[in-house]
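Enquirer:
Residue numbers (my numbering), protein chains in the order written: chain A, 8 to 718; chain B, 8 to 718.
1. If you measure beta-carbon to beta-carbon, which residues of the region 174-205 of chain A are closer than 8 angstroms to chain B?
2. Taking all protein chains shown into account, decide if residue 489 (chain B) is buried (16 or more other Cβ within 10 angstroms of its Cβ) or exposed.
3. Under a Cβ-count criterion, where at least 16 other Cβ atoms within 10 Å of its own Cβ denotes burial, should residue 624 (chain A) be classed as buried or exposed?
4. Consider the Cβ of residue 538 (chain B): report whether some Cβ of chain A lies at a distance smaller than 7 angstroms.
5. By DSSP's criteria, residue 594 (chain B) is part of a beta bridge. Which residues make up the other side?
6. According to a CB-to-CB cut-off of less than 8 angstroms, which residues of the region 407-440 of chain A neighbour chain B?
7. Show which residues of chain B have a CB atom less than 7 angstroms away from the CB atom of residue 478 (chain A).
8. I'd like to know whether the C-beta atoms of residue 141 (chain B) and residue 193 (chain B) end up nearer to each other than 7 angstroms.
9. Taking the DSSP output, what are the residues bridged to residue 703 (chain B)?
10. Helix, strand or coil: how does DSSP classify residue 646 (chain A) here?
11. Under 7 angstroms, do residue 678 (chain B) and residue 618 (chain B) count as touching if we go by C-beta distance?
12. Within 7 angstroms (strictly less), CB to CB, does residue 652 (chain A) reach chain B?
13. Quick one: is the Cβ of residue 431 (chain A) within less than 6 angstroms of any heavy atom of the ligand COA?
14. Any Cβ of chain A within less than 7 angstroms of the Cβ of residue 289 (chain B)?
15. When you compare the CB of residue 482 (chain B) with every CB in chain A, is at least one pair closer than 7 angstroms?
16. Could you check whether the Cβ of residue 713 (chain A) sits closer than 7 angstroms to any Cβ belonging to chain B?
17. Tell me the DSSP secondary structure of residue 313 (chain A) in three-state form.
18. Could you check the C-alpha separation between residue 692 (chain A) and residue 622 (chain A) for me, to the nearest Å?
19. How would you list, in chain order, the residues of chain B whose beta-carbon sits under 9 angstroms from the beta-carbon of residue 112 (chain A)?
20. Determine the direct distance from the alpha carbon of residue 243 (chain B) to that of residue 505 (chain B), and round the result to whole angstroms.
21. If you compare alpha carbons, which of A:455, A:114 and A:91 is closest to residue 106 (chain A)?
22. Check whether the Cβ atoms of residue 310 (chain B) and residue 376 (chain B) sit closer than 7 angstroms, and answer yes or no.
23. Within the same chain, show all residues whose beta-carbon is closer than 7 angstroms to that of residue 425 (chain B), passing over the 5 residues directly before and after it, in chain order.
24. Are the C-beta atoms of residue 105 (chain A) and some chain B residue less than 7 angstroms apart?
25. Comparing the C-beta of residue 707 (chain B) with each C-beta of chain A, is any distance below 7 angstroms?
26. Can you tell me whether residue 34 (chain B) is helix, strand or coil according to DSSP?
27. What does the alpha-carbon distance come out to for the pair residue 97 (chain B) and residue 69 (chain B)?
28. Using a Cβ-Cβ cut-off of 6 angstroms (strictly less than) and excluding sequence neighbours within five positions of residue 571 (chain B), which residues of its own chain qualify?
29. Quick check: what's the CA-CA separation for residue 10 (chain B) versus residue 17 (chain B)?
30. Less than 6 angstroms between C-beta atoms, sequence neighbours within five positions excluded: which residues of the same chain meet that for residue 440 (chain A)?
31. Mind listing the chain B neighbours of residue 321 (chain A)? Cutoff is C-beta to C-beta under 7 angstroms, in chain order.
32. Can you list, in chain order, the residues of its chain with a C-beta nearer than 6 angstroms to that of residue 295 (chain B)? Leave out the 5 residues immediately preceding and following it.
33. With DSSP run on the structure shown, which of helix, strand or coil describes residue 554 (chain A)?
34. Identify the continuous beta strand (DSSP E) that holds residue 713 (chain A) and give its terminal residues.
35. For the beta strand (DSSP E) holding residue 140 (chain A), just list the boundary residues, first then last.
36. Per DSSP, which one or two residues make a beta bridge with residue 385 (chain B)?
What follows is the structure in structure tokens.
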């Protein structure tokens with residue numbers, strides 16, 4: 008497949024379906040192509056011929072002179088395939104099918120769409136669309152769309168959308184919120200070029216500082232993660248992913264499967280890729296402006312500057328509820344503030360200059376706060392003027408912010424009476440918001456991005472002390488051949504797999520005699536164990552072992568084990584004289600400890616999704632679980648532990664002693680590696696994993712593992 | 008104390024501190040008073056005399072002719088008390104002290120403020136302020152403020168604020184968001200009149216349909232609940248309560264105390280009072296417009312009408328995330344829609360008319376959806392015009408909405424290209440928002456209000472089978488006299504209190520002999536109990552009873568109990584030959600079951616705050632708890648159970664059988680009544696309450712109770 012270069016910097020463009028009728032989209036696109044300032048050749052095709060904007064209209068694609076790298080097709084769906092074929096024959100490497108009437112309208116359209124893809128593949132031609140708005144590049148410039156806005160200002164935000172309607176709206180927002188778009192890319196039905204594929208070329212654009220995505224889904228999960236991760240190390244990627252609630256849950260067998268919905272996988276994928284997810288449409292561009300215009304933030308300590316106490320309190324609430332903190336001001340800063348403010352002013356953060364604050368006081372205080380080393384960013388509140396207008400304040404503070412090294416956001420509170428200050432802030436590339444809560448949430452987006460940028464994205468060194476081959480053998484052996492659903496593996500196979508990946512589970516030996524039982528007990532560390540051994544009868548006929556004396560606990564020395572063996576046999580035989588006895592299982596008693604659940608389930612889109620949290624039987628009720636995508640990187644493992652009570656309490660809590668947290672981390676990583684290494688494992692769950700005291704390790708007490716169909 | 012009538016409908020007003028200097032606030036207030044259209048007498052006082060707006064300025068208050076019901080004082084703080092005294096002597100019943108310079112500036116100001124209150128009390132004069140903006144009534148009309156806006160439109164929303172700065176901003180919002188204010192009340196330092204007291208007179212105003220409060224705190228918690236509850240049965244009360252994060256937690260002794268923060272109490276108080284709490288400043292008036300302009304909502308099923316699929320999905324997400332549901336359309340509605348829409352349109356909810364939708368199609372579809380009995384409210388999406396302008400759509404649909412019986416909100420998405428439609432919607436009193444998420448959250452506010460209005464607000468019949476006197480005796484006996492903190496009651500006193508309020512705990516008798524032990528065991532139902540009895544040694548010297556054989560479990564017949572008694576004595580004496588033995592405790596074994604925590608702690612502002620949730624030792628870690636204020640009404644009890652996993656699982660879960668939920672509800676109600684009846688109980692906690700199978704009751708296994716200082 009050739010690259011997407013022809014879409015992003017074509018030397019010449021042809022519009023197939025150009026129209027002289029001003030009411031038609033074929034006219035609107037022609038108008039935009041000719042008037043947008045594009046420097047390359049622009050050609051029109053329409054079988055009717057004629058001329059348009061001083062250019063003659065060719066009747067066929069083959070007649071167009073070189074160079075022509077990009078075709079824009081705006082024709083009834085039914086004749087698109089033939090025209091696409093002509094593009095292929097003409098050697099055009101890229102086409103945008105703007106027309107609708109394809110998959111989105113039903114089966115017939117879907118057939119047409121498939122035909123287009125087939126033709127494109129045949130000629131090595133790349134496709135954007137169908138059913139899309141097209142592309143705008145404000146810097147090159149190039150505009151292949153029919154959108155009526157011709158005054159879209161150049162800017163730093165690239166917008167990539169799977170919905171056409173939102174493109175038009177985004178331009179509207181750009182105009183009113185004072186930001187410019189570098190690129191607008193409407194992807195439509197994505198028959199060929201997907202959201203993932205356009206990320207790197209758009210990010211490579213030097214004018215683009217932030218990429219904003221409107222997603223209804225991703226085409227290929229792992230490709231999306233890979234591309235987005237690569238891009239978001241360099242430039243922030245913001246996403247609005249819609250369709251949260253339409254996504255169904257999986258049919259539940261394991262707890263992990265029951266809780267791992269499609270949205271959970273998306274959340275985990277965005278986290279892994281460093282993509283910042285906005286919850287609402289409004290946040291998308293509120294945050295994009297801050298990310299485009301602010302220098303990187305170095306921490307999460309925020310200073311608030313206000314001339315009204317009440318608004319300061321609202322902002323302080325918003326800072327805290329966005330998980331930022333209020334900066335502690337240095338003595339120097341505070342005495343500097345005291346020197347310029349009236350005595351009743353508050354020089355604590357939030358700094359309240361009182362209603363009498365002058366533009367000069369705003370400027371001086373702002374400067375002092377910017378210089379405070381404990382302040383990572385500033386939130387400046389400007390309400391309607393008790394004394395001076397917002398515009399006067401804007402004029403006074405903008406020069407102070409010219410070479411700022413820290414993010415500063417402004418809450419211009421009110422509407423008509425602060426309007427005059429909006430434009431100056433836009434021109435100075437200072438994000439302004441109408442409410443303090445929004446300003447604070449924009450700062451939080453900066454912090455989220457900074458955290459991702461400084462984290463690692465590759466999993467820690469994978470474990471070498473594992474036996475992949477053995478697991479592969481077992482999985483081959485147990486893979487279901489001709490079944491609709493996967494199979495749960497038998498216990499002995501699971502134990503072999505755990506052994507191969509060094510995931511500890513309680514050892515056990517089947518003793519056939521009292522002597523053997525003592526030997527095994529010794530091997531299992533009888534003399535070091537304060538908890539002793541447990542003996543259990545193994546007989547297919549006996550279900551409730553304890554009830555008939557078939558289990559003996561806490562046998563602490565060789566003599567007890569020896570006597571215990573005989574005792575159990577005797578107990579069993581007296582209850583079931585004809586029971587077939589396979590032997591007596593010798594196991595160490597696993598000391599008490601904390602218990603957690605860990606598991607993984609294969610997501611159709613993103614692959615193995617790992618779960619961690621509070622185990623037991625109430626997993627779905629307590630919902631104290633978190634998810635991350637394998638292979639886990641260290642900060643994802645930490646995320647799982649920090650975002651669950653089960654994880655947090657491993658460090659000890661009240662009378663609960665600290666548990667072996669590092670052993671949990673290790674097993675989590677091993678589990679992650681196992682499911683990553685073997686796509687055939689569709690579901691695995693350890694519930695519970697017993698976690699002993701610090702340094703004492705962990706044991707998988709109950710494990711289930713499902714192998715999926717051969718694919 | 009006289010009523011607040013003189014503030015809200017004064018027959019004459021005097022401004023003390025009127026000024027001829029146009030730069031002074033004393034001029035601005037005079038200007039507003041004279042020009043606002045107020046029909047009563049307006050007088051000015053200033054020792055300098057002169058004239059203003061064609062009126063002569065009196066030099067002293069005593070000179071003003073009748074009638075004068077309200078004084079507005081705008082003077083340097085230091086001379087306010089003297090002038091207030093003159094008001095009192097003149098017989099003026101009400102004064103607004105607009106001046107600042109009081110408590111908000113420090114100790115000196117606080118003394119002046121206290122002096123004002125003393126004078127006011129002496130003359131029976133009521134005070135609003137000091138340090139406030141004053142009042143505006145747009146219908147009477149009356150404007151005692153110095154705010155520069157003279158074009159504030161009359162409307163349906165009353166705004167009551169503890170912050171002056173927000174008043175100015177609220178007017179700005181009103182002007183841009185197209186709503187009018189009925190009343191604006193700025194309360195300032197609230198030396199006398201509080202937020203609670205103004206609620207009923209403002210709500211009584213026939214023009215007011217919604218009350219909106221900006222709160223930094225409440226003066227007297229229970230008064231607030233009472234007034235707000237009374238008002239919000241008739242008209243919705245919306246609140247923005249700031250200072251969430253400044254509120255500290257209590258020093259933790261019990262789990263309940265550790266988790267019951269001041270914010271928790273506010274949340275519970277708002278819930279009890281039916282006050283709808285906005286999380287952000289923006290939501291406050293977004294929701295107020297919907298509550299003021301929409302008919303009551305009858306359910307939570309929402310229909311979405313859109314001409315762009317992507318926006319429909321965003322709106323559907325927002326509907327679900329606001330805990331509303333998408334209405335299921337009837338076959339009739341769907342065939343009606345099919346008749347007017349192109350075949351590719353979606354007649355499922357969200358109804359997607361496609362980009363080609365005409366204003367007529369909008370109108371027809373809207374009508375069909377309004378008529379669908381399964382639709383409780385509508386969210387109409389109008390993006391920038393692919394075909395028709397938003398204004399044309401507005402013109403087509405507004406007539407359809409004229410006599411609507413169901414709430415309809417509009418998401419006018421975009422900015423400049425939809426602006427022309429904003430005003431027509433405002434004039435038609437149809438709430439419009441710039442984002443679908445906001446429109447959905449406004450509908451959710453309507454549902455919240457409807458739910459409160461249909462619920463009960465008085466606790467169910469209180470229990471009569473209790474012994475208040477006995478509890479009072481015990482509390483008197485144990486009340487600490489001269490201590491800084493309360494006392495934890497001894498176990499026997501707690502048991503008496505539980506008995507008096509019929510809160511079950513495991514019965515126990517102290518047997519002095521084997522024979523007595525058997526007698527008690529029989530009284531405790533030895534022969535009916537499948538679990539048998541437990542015997543425990545009672546001796547102050549023995550701490551670890553089990554270790555020395557001082558506890559025997561599951562004794563199921565008389566013989567075992569008799570032998571058990573002797574066995575225990577023997578065990579104890581062989582371990583501690585000189586132990587003083589008080590006897591052996593005989594108790595029934597409490598069967599296994601679910602366990603919950605319930606407790607209550609006295610909040611300084613709102614009184615007893617009841618907690619319910621998952622018990623054990625990890626209460627603070629799991630945080631599976633919910634709070635409500637005593638005395639609990641049935642929907643509060645349900646809230647506690649439905650909002651905790653501990654409560655939800657009482658109905659059974661997987662292999663967990665249903666537990667005795669109704670016994671939990673009863674004990675929760677009895678606990679609530681106990682703490683409500685006895686303010687001396689500062690803290691009580693049952694952890695755990697063992698909940699047996701359905702119909703088998705509950706037992707408080709461990710109870711702590713703290714009595715507070717005599718006050």
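C-beta atoms are modelled at their ideal positions from N, C-alpha and C, and glycine is treated no differently. It should be emphasised that the depicted structure is a prediction, and the values quoted were computed from it without experimental measurement.
Expert: Looking at the coordinates:
1. 175, 176, 179, 180, 182, 183 and 184
2. As a working note, residue 489 (chain B) is residue 482 in the second chain. Note that residue 489 (chain B) scores 49 on pLDDT, short of 50, meaning its location in the model is unreliable; the coordinates nonetheless yield the value given after this. Its Cβ having fewer than 16 others within 10 Å, residue 489 (chain B) is exposed.
3. If you number the first chain from 1, residue 624 (chain A) lands on position 617. Residue 624 (chain A) is exposed by the Cβ-count criterion.
4. Start at 1 with the first residue of the second chain, and residue 538 (chain B) comes out as number 531. No, residue 538 (chain B) does not count as interfacial toward chain A.
5. The residue labelled residue 594 (chain B) in the question sits at position 587 within the second chain. In DSSP, residue 594 (chain B) forms a bridge with B:541.
6. 420, 421, 422, 423, 424 and 425
7. The residue given as residue 478 (chain A) occupies position 471 in the first chain. Within 7 angstroms Cβ-Cβ: nothing; residue 478 (chain A) doesn't reach chain B, min ~31 angstroms.
8. On the second chain, position 134 is the one that residue 141 (chain B) refers to. On the second chain, position 186 is the one that residue 193 (chain B) refers to. Yes, Cβ-Cβ distance for residue 141 (chain B) and residue 193 (chain B) is below 7 angstroms.
9. As a working mapping, residue 703 (chain B) is identified with position 696 in the second chain. Answer by DSSP bridge pairing: none, since residue 703 (chain B) is not bridged.
10. For the purposes of this step, residue 646 (chain A) is taken as residue 639 along the first chain, with counting starting at 1. Reduced to three states, the DSSP call for residue 646 (chain A) is helix.
11. The sequence position of residue 678 (chain B) within the second chain is 671, counting from 1. The sequence position of residue 618 (chain B) within the second chain is 611, counting from 1. Their beta carbons are not under 7 angstroms apart, which means residue 678 (chain B) does not touch residue 618 (chain B) by this criterion.
12. Taking the first chain and counting its residues from 1, the one referred to as residue 652 (chain A) is at position 645. Yes, its Cβ sits closer than 7 angstroms to a Cβ of chain B.
13. Judged by which ligands are present, the structure shown has none, so any question about the ligand COA falls away.
14. The count along the second chain starts at 1 and reaches residue 289 (chain B) at position 282. Taking Cβ atoms only, chain A reaches closer than 7 angstroms to residue 289 (chain B), which makes this a yes.
15. To locate residue 482 (chain B), count along the second chain from 1; it is residue 475. No, residue 482 (chain B) does not count as interfacial toward chain A.
16. Position 706 of the first chain holds residue 713 (chain A). Taking Cβ atoms only, chain B never reaches closer than 7 angstroms to residue 713 (chain A), which makes this a no.
17. Within the first chain, the letter at position 306 stands for residue 313 (chain A). In the structure shown, residue 313 (chain A) sits in a strand (DSSP, three-state: E or B).
18. Position 685 of the first chain holds residue 692 (chain A). Position 615 of the first chain holds residue 622 (chain A). C-alpha separation (whole angstroms): 10 angstroms.
19. Reading the first chain from its first residue, position 105 is the one you call residue 112 (chain A). Within 9 angstroms Cβ-Cβ: 350 and 351.
20. Position 498 of the second chain, counted from the start, is the residue given in the question as residue 505 (chain B). Position 236 of the second chain, counted from the start, is the residue given in the question as residue 243 (chain B). Cα to Cα, the separation comes out at about 40 angstroms.
21. Here the question's residue 106 (chain A) lines up with position 99 in the first chain. Of the candidates A:455, A:114 and A:91, the one whose C-alpha sits nearest the C-alpha of residue 106 (chain A) is A:91.
22. Taking the first residue of the second chain as position 1, residue 310 (chain B) is located at position 303. Taking the first residue of the second chain as position 1, residue 376 (chain B) is located at position 369. Yes; because the gap between Cβ atoms is below 7 angstroms, this pair is in contact.
23. Here residue 425 (chain B) corresponds to residue number 418 of the second chain, with the count starting at 1. Excluding sequence neighbours, residue 425 (chain B) sits near 389, 391, 397 and 419.
24. Reading the first chain from its first residue, position 98 is the one you call residue 105 (chain A). Output row for residue 105 (chain A): interface = no.
25. Taking the first residue of the second chain as position 1, residue 707 (chain B) is located at position 700. No, residue 707 (chain B) lies away from the interface with chain A (no Cβ there is under 7 angstroms from its Cβ).
26. For the purposes of this step, residue 34 (chain B) is taken as the residue at position 27 of the second chain. Helix, per DSSP.
27. Here residue 97 (chain B) corresponds to residue number 90 of the second chain, with the count starting at 1. Here residue 69 (chain B) corresponds to residue number 62 of the second chain, with the count starting at 1. For residue 97 (chain B) and residue 69 (chain B), the distance between alpha carbons rounds to 6 angstroms.
28. To locate residue 571 (chain B), count along the second chain from 1; it is residue 564. So the list reads 542, 559 and 562, once near-sequence residues are dropped.
29. Numbered from 1 along the second chain, position 3 holds the residue referred to as residue 10 (chain B). Numbered from 1 along the second chain, position 10 holds the residue referred to as residue 17 (chain B). Going from the Cα of residue 10 (chain B) to the Cα of residue 17 (chain B) covers about 12 angstroms.
30. Translated into the one-based positions of the first chain, residue 440 (chain A) becomes position 433. Excluding residues within five positions, the ones whose Cβ falls inside 6 angstroms are 418 and 446.
31. The count along the first chain starts at 1 and reaches residue 321 (chain A) at position 314. In chain order: 249 and 288.
32. Numbered from its first residue, the second chain carries residue 295 (chain B) at position 288. Here the set comprises 164, 217, 219 and 245.
33. Position 547 of the first chain, counted from the first residue, corresponds to residue 554 (chain A). Residue 554 (chain A): helix per DSSP, three-state reduction.
34. Here the question's residue 713 (chain A) lines up with position 706 in the first chain. It spans 710-714 - the beta strand (DSSP E) in which residue 713 (chain A) sits, taken as one unbroken run.
35. Start at 1 with the first residue of the first chain, and residue 140 (chain A) comes out as number 133. Premise fails: residue 140 (chain A) is in no beta strand (DSSP E) and is neither H nor E.
36. The sequence position of residue 385 (chain B) within the second chain is 378, counting from 1. In the DSSP output, where bridge partners are listed per residue, residue 385 (chain B) has B:310 and B:415.
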